[in-house]
Amino acid sequence: MSRHDSRPTPAPATVGSGTRRDRWARALRTEMRSTSYLRRWLVLGAAIGLVAGLGAIVFYEALRLGTHFLLESASGGRVATPVGEGGRLATSPTRPWLVPLIVAAGGLASGIIVFTFAPEAEGHGTDAAIHAVHNNPKGLRARVAAVKIIASALTIGSGGSGGREGPTAQISATFGSVLARRLNLSPSDARLAVATGMAAGIASIFRAPLGGALLGAELLYRDDIEVEALVPSLVASIVGFTVFGSVEGFTPIFGFHTGAAVTSPAQLVWFLVLGLVAGLFGRLYSSTFYGAMARFKKVRLPAAARPALAGIGVGVIGLAVPGVLGTGYGEVQQVMSRTTLMGIPLWVVLALPFAKILATSLSIVSVGSGGIFGPGMVIGGAAGAALWRVLEPVVPGIPHAPLAFVVVGMASCFGAIAHAPLAVMLMVAEMTGSLGLLPPAMLAIAAATLVVGNRTIYSSQLARRSDSPAHRLSSGLPASASVPVGRAMADPRVLLSAQESIEEAVTRLAAAGLHGAPVVNESGVFLGVVDIDGLERALSAGSVKRVGALADGTAPALPMSAGIDAAMDAVVTSPHGWVPVLDDDLRVAGIVAVSDLLHGYRAAMRDSVRRLGRSSSRGAVREMVVEQGSSADGVHVRDLGLPHGVALLSVARGEDLTFATADTELRHGDVVTVLSHAGRTDEVVEVFAGSQGAHRAGTDRTAAGGPGPADDGAGQDAPAGQDAPAGQDLASAHPEEH
Numbered sequence: 054m055s056r057h058d059s060r061p062t063p064a065p066a067t068v069g070s071g072t073r074r075d076r077w078a079r080a081l082r083t084e085m086r087s088t089s090y091l092r093r094w095l096v097l098g099a100a101i102g103l104v105a106g107l108g109a110i111v112f113y114e115a116l117r118l119g120t121h122f123l124l125e126s127a128s129g130g131r132v133a134t135p136v137g138e139g140g141r142l143a144t145s146p147t148r149p150w151l152v153p154l155i156v157a158a159g160g161l162a163s164g165i166i167v168f169t170f171a172p173e174a175e176g177h178g179t180d181a182a183i184h185a186v187h188n189n190p191k192g193l194r195a196r197v198a199a200v201k202i203i204a205s206a207l208t209i210g211s212g213g214s215g216g217r218e219g220p221t222a223q224i225s226a227t228f229g230s231v232l233a234r235r236l237n238l239s240p241s242d243a244r245l246a247v248a249t250g251m252a253a254g255i256a257s258i259f260r261a262p263l264g265g266a267l268l269g270a271e272l273l274y275r276d277d278i279e280v281e282a283l284v285p286s287l288v289a290s291i292v293g294f295t296v297f298g299s300v301e302g303f304t305p306i307f308g309f310h311t312g313a314a315v316t317s318p319a320q321l322v323w324f325l326v327l328g329l330v331a332g333l334f335g336r337l338y339s340s341t342f343y344g345a346m347a348r349f350k351k352v353r354l355p356a357a358a359r360p361a362l363a364g365i366g367v368g369v370i371g372l373a374v375p376g377v378l379g380t381g382y383g384e385v386q387q388v389m390s391r392t393t394l395m396g397i398p399l400w401v402v403l404a405l406p407f408a409k410i411l412a413t414s415l416s417i418v419s420v421g422s423g424g425i426f427g428p429g430m431v432i433g434g435a436a437g438a439a440l441w442r443v444l445e446p447v448v449p450g451i452p453h454a455p456l457a458f459v460v461v462g463m464a465s466c467f468g469a470i471a472h473a474p475l476a477v478m479l480m481v482a483e484m485t486g487s488l489g490l491l492p493p494a495m496l497a498i499a500a501a502t503l504v505v506g507n508r509t510i511y512s513s514q515l516a517r518r519s520d521s522p523a524h525r526l527s528s529g530l531p532a533s534a535s536v537p538v539g540r541a542m543a544d545p546r547v548l549l550s551a552q553e554s555i556e557e558a559v560t561r562l563a564a565a566g567l568h569g570a571p572v573v574n575e576s577g578v579f580l581g582v583v584d585i586d587g588l589e590r591a592l593s594a595g596s597v598k599r600v601g602a603l604a605d606g607t608a609p610a611l612p613m614s615a616g617i618d619a620a621m622d623a624v625v626t627s628p629h630g631w632v633p634v635l636d637d638d639l640r641v642a643g644i645v646a647v648s649d650l651l652h653g654y655r656a657a658m659r660d661s662v663r664r665l666g667r668s669s670s671r672g673a674v675r676e677m678v679v680e681q682g683s684s685a686d687g688v689h690v691r692d693l694g695l696p697h698g699v700a701l702l703s704v705a706r707g708e709d710l711t712f713a714t715a716d717t718e719l720r721h722g723d724v725v726t727v728l729s730h731a732g733r734t735d736e737v738v739e740v741f742a743g744s745q746g747a748h749r750a751g752t753d754r755t756a757a758g759g760p761g762p763a764d765d766g767a768g769q770d771a772p773a774g775q776d777a778p779a780g781q782d783l784a785s786a787h788p789e790e791h
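Taking this note's numbering, I'd label the letters of the sequence shown as residues 54 to 791.
Here you go:
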């Protein structure tokens, strides 16, 4: 879409109009964007944490009821639970033949619900939240939260192998996304809102506020951390933990193990071995998970039926290896005890981590709904228990109880494969109520990380901040952050009303030669965007009559205060090739497309040049036109013979703005930006403008780095490619700007 939308319909309402609620909402949006970072995230973080805690409660209870009625009542058995959730022991099912059928039925019901109402709710949830942070933080739909709760409760409650953290992370991340849309937050703040929601959801359900907060900053990258997310995540995680704990209790999931500690330096050697083993299981977990995903995509069955097929396999595995069904947290609790672990057949202990990997892969990649974080810790804990069981009879100095190996195994396996070692290590300490095992855990995680390498369990995880759309433009083109998108946007050419008929909308877009347009309600408030292909399909089907029903409310939109760097990111990632710009009332103020970004970036470059000039007390930055017949016309930069202490920064030619190199050939009409010593003003002007230009510049030469005595602020930049007064001093132009 290039120069975008004509005939705005309806006309925007005047500022100050609307209901009291509208005015309050406008004031809140303005306050949240204009206030300081700390104040903003104390408020937003608390709101996200409140919803995260409530969402965790709802999901926890839904899962508890689902497990009781679907799996336990039907099969006649009982699933083990950890100390913090009742501490029940498992019992064998009296109707074991029903277990595979129950798991299959739960998967089938979950698949039907997901693909009917919100396909993006499939899978483990956390990866979807990470993807949203990096790509479209305002794009998560509100209905995903409700669908995720129901689908995950059905999948895990019926016996599917999955974790609780994925659904809770996606629930609260979705609220962060919706909040960002409603408040029209900047792209950077919207990303923080989604990351904060993800952290708060995990912190709440695991009762681990410190580790959860760090997880929100650490989980986005393999080799980096989102520093800006630390404070918001900490606020939200504490609030979410408090809300969840006030209903479900504050006891750590696996109880208090304050006495757990290393008793001999020699034991550290075996924790190092444990780290290597845990790293191998982490690699196996990732490989199996994504290998199963690739194979399931080739299965020729309706997508909603795939979880049912996988459920049969998971049920059979669960019958052979107890502890595989559901979250598996209760089984981890049991193997922390020496008496219980020694009473389990050795082959079952050795098979448990492998069985959990296979069952989780089948449950989740078949488009079931559940997390992979919790199962990853269960796999690590089971691997630790298996290693202890093998070593304890033959190796002197091994801890008397398997607790330390189980706890460190949990932290090192998933901490390494998730590339979140600090967060997972702290979470495990909070979940066990013990800090005494942090030293061996640090050693084991280091070893596991070496084994895992660059593999990750989260496909949306990026290597580092510079790879993220949120940072690559601001770090690579820092000048672009200084210019608000309002200076680059164009007026809309077509605004479609939600009540407009599909046929009329198609006619208007075709007449304007546009592929899409924003949709607004009767008050002019932005509802979403539509494209002409979707409208034509709806027109042919005849199932939808009004434009509003097709508006994509998750499409990227920008506040007017966003920088050009954010606009570049939004336009490139938008499927429409253009992005609406909204004012404080969420009305469409303009449209920004690729063609607008060039003008914006040129403005950013000029602003950067001004700041460069003002940063030097002895230098001046000047922008001047290469006049025809001057000594610079048709000459390469290397041959200009510029005086000592003079540097040519950039060359603007028509719509092109480039940095100057020695091979750049100048032509008349080029607008060049030059950094020079204050005493070289006349010599510089003579090179580009000839003697007449030097004479003009000599009459108003200014002091370097600041406005001259005759400067009244009237001088303006000449657009690149147009004639500008020769020798205009940009270090003195607009002294109050920015």
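All residues carry an ideal CB built from backbone N, CA and C; glycine is no exception.
* So, is His184 buried or exposed, given that buried needs 16 or more other C-beta atoms within 10 angstroms? -> As a position in the sequence shown, residue 184 is number 131, starting the count at 1. The residue in question, His184, is buried, as its Cβ has 16 or more Cβ neighbours within 10 Å.
* To do: Give the single residue among Gly539, Ala713, Ala174 and Ala182 whose Cα lies nearest to the Cα of Val634.
  => The residue given as residue 634 occupies position 581 in the sequence shown. Closest by alpha carbon: Gly539.
* To do: Output the residue ranges of the alpha helix (DSSP H) runs that lie fully inside the region 99-181 and measure 4 residues or longer, sorted by chain position.
  => 152-170
* To do: Mind checking which residues open and close the alpha helix (DSSP H) that includes Phe294?
  => Numbered from 1 along the sequence shown, position 241 holds the residue referred to as residue 294. Taken as a continuous stretch (DSSP letters only), the alpha helix (DSSP H) holding Phe294 covers Leu283 to Glu301.
* When Ser87, Thr380, Asp686 and Pro360 are compared against Gly216, the one with the closest alpha-carbon -> Here residue 216 is taken as the residue at index 163 of the sequence shown, counted from 1. The residue with the shortest Cα to Cα distance from Gly216 is Thr380.
* To do: Find out if the Cβ-Cβ distance for the pair Val460, Leu415 is shorter than 8 Å.
  => Mapped onto the sequence shown, residue 460 falls at position 407. Mapped onto the sequence shown, residue 415 falls at position 362. It is not a contact, given that the beta carbons lie outside the stated cut-off.
* Cα-Cα separation between Ala314 and Leu321, rounded to whole angstroms -> Counted from its first residue, the sequence shown places residue 314 at position 261. Counted from its first residue, the sequence shown places residue 321 at position 268. Going by the C-alpha atoms only, they are around 11 Å apart.
* Asked: CA-CA distance, Gly160 and Thr392?
  -> As a first step, residue 160 must be located in the sequence shown, where it is residue number 107. As a first step, residue 392 must be located in the sequence shown, where it is residue number 339. For Gly160 and Thr392, the distance between alpha carbons rounds to 35 Å.
* Using the C-alpha atoms, what's the distance from Asp692 back to Leu719? -> Residue 719 sits at position 666 when you count from the first residue of the sequence shown. Residue 692 sits at position 639 when you count from the first residue of the sequence shown. Cα-Cα distance, rounded: 11 Å.
* **Run of the beta strand (DSSP E) containing Leu569, from where it starts to where it stops** => Taking the first residue of the sequence shown as position 1, residue 569 is located at position 516. At residue 569 the sequence reads Gly, which differs from the Leu that was named. Run containing Gly569: Gly569 to Val573, per the beta strand (DSSP E) assignment.
* For Ala133, which option in Ala356, Phe228, Val385 and Thr227 has the closest C-alpha, if you only look at C-alpha atoms? -> Counting from one through the sequence shown, the residue named residue 133 turns up at place 80. Nearest C-alpha to Ala133: Val385.
* **Same chain only: Cβ atoms within 8 Å of Val401, ignoring 5 sequence neighbours per side** => Taking the sequence shown and counting its residues from 1, the one referred to as residue 401 is at position 348. Result list for Val401: Val374 and Pro375, in chain order.
* Asked: Nearest to Ile203 by CA position, among Thr120, Gly371, Val186 and Ala713, is which residue?
  -> Against the sequence shown, residue 203 aligns to sequence position 150. When only C-alpha atoms are compared, the closest one is Thr120.
* Using 10 angstroms around the beta-carbon of Tyr90, count the other beta-carbons present and answer buried if the total reaches 16, otherwise exposed. => One-based indexing of the sequence shown puts residue 90 at position 37. Classification of Tyr90: exposed, given that the 10 Å Cβ count is below 16.
* Are the beta-carbon atoms of Pro153 and Ile365 separated by less than 8 Å? -> As a working mapping, residue 153 is identified with position 100 in the sequence shown. As a working mapping, residue 365 is identified with position 312 in the sequence shown. Yes; because the gap between Cβ atoms is below 8 Å, this pair is in contact.
* **Pairwise C-alpha distance: Ala226 and Val167** => Residue mapping note: residue 167 aligns to position 114 of the sequence shown, counting from 1. Residue mapping note: residue 226 aligns to position 173 of the sequence shown, counting from 1. Approximately 18 Å, taken between the alpha carbons.
* Can you pull the DSSP bridge partners for Trp631? -> Here the question's residue 631 lines up with position 578 in the sequence shown. DSSP output for Trp631 lists Ala646 as bridge partner(s).
* With DSSP as the reference, label His689 as helix, strand or coil. => Within the sequence shown, numbered from 1, the residue matching residue 689 stands at position 636. Three-state DSSP puts His689 in a strand.
* Determine the direct distance from the alpha carbon of Ile432 to that of Phe407, and round the result to whole angstroms. => Start at 1 with the first residue of the sequence shown, and residue 407 comes out as number 354. Start at 1 with the first residue of the sequence shown, and residue 432 comes out as number 379. Their Cα atoms are separated by approximately 8 Å.
* **Own chain residues within Cβ distance below 7 Å of Ala181, not counting five before or after** => Mapped onto the sequence shown, residue 181 falls at position 128. Once the five neighbours on either side are set aside, the close Cβ partners of Ala181 are Glu173 and Gln223.
* Based on the DSSP output, what are the partners of Phe579 in its beta bridges? -> Along the sequence shown, read from residue 1 onward, the residue named residue 579 stands at position 526. Per DSSP, Val573.
* To do: State the DSSP-derived secondary structure class of Arg73, mapped to helix, strand or coil.
  => Reading the sequence shown from its first residue, position 20 is the one you call residue 73. The answer is helix: DSSP assigns Arg73 an H, G or I state.
* Ala619 to Gly192, Cα distance in whole Å? -> Here residue 619 corresponds to residue number 566 of the sequence shown, with the count starting at 1. Here residue 192 corresponds to residue number 139 of the sequence shown, with the count starting at 1. Their backbone Cα atoms lie some 16 Å apart in a straight line.
* Would you give the residue range spanned by the alpha helix (DSSP H) that Phe334 belongs to? => Sequence index remark: in the sequence shown, residue 334 carries index 281 (1-based). First-last of the alpha helix (DSSP H) with Phe334: Gln320 to Phe349.
* Asked: Is DSSP giving Arg599 helix, strand or coil here?
  -> Translated into the one-based positions of the sequence shown, residue 599 becomes position 546. Residue state, collapsed to three classes: strand.
* Can you tell which of Ser729, Ala713 and Thr717 has the C-alpha that lies nearest to the C-alpha of Pro696? -> For the purposes of this step, residue 696 is taken as the residue at position 643 of the sequence shown. It is Ser729.
* Taking the alpha-carbon positions, what's the Asp723 to Thr711 distance? -> On the sequence shown, position 670 is the one that residue 723 refers to. On the sequence shown, position 658 is the one that residue 711 refers to. Taking the straight line from one Cα to the other gives about 11 Å.
* Asked: By how many angstroms is the C-alpha of Ala157 removed from the C-alpha of Met346?
  -> Your numbering for residue 346 matches position 293 in the sequence shown. Your numbering for residue 157 matches position 104 in the sequence shown. The straight-line gap from Cα to Cα measures roughly 18 Å.
* DSSP three-state assignment for Tyr274, whether helix, strand or coil -> Here the question's residue 274 lines up with position 221 in the sequence shown. Three-state DSSP puts Tyr274 in a strand.
* To do: List the DSSP bridge partners of Leu611.
  => Residue mapping note: residue 611 aligns to position 558 of the sequence shown, counting from 1. Answer is Val634, bridged to Leu611.
* Quick check: the region 242-259 against the region 138-154, are there 3 or more CB pairs under 8 Å? -> no
* To do: Return the bridge partner residues of Leu549 from the DSSP annotation.
  => Locating residue 549 in the sequence shown gives position 496, where the first residue counts as 1. Its beta-bridge partners are Val572.
* To do: On the DSSP bridge assignment, give the partners of Arg640 in chain order.
  => Here residue 640 refers to the residue found at position 587 of the sequence shown. Looking at the DSSP assignment, Arg640 forms a beta bridge with Val578.
* From Gly768 to Gly178, what distance separates their C-alpha atoms? -> Start at 1 with the first residue of the sequence shown, and residue 768 comes out as number 715. Start at 1 with the first residue of the sequence shown, and residue 178 comes out as number 125. Interpretation of Gly768 is limited by its pLDDT of 35, a score under 50 that renders its predicted location unreliable; no figure is taken from the coordinates.
* Any heavy atom of the ligand SAM closer than 7 Å to the Cβ of Ser414? -> Looking for the ligand SAM in the displayed structure turns up nothing, as the structure carries no ligands at all.
* Per-residue DSSP class, three states only, for Asp735 -> As a working mapping, residue 735 is identified with position 682 in the sequence shown. Correct three-state label for Asp735: helix.
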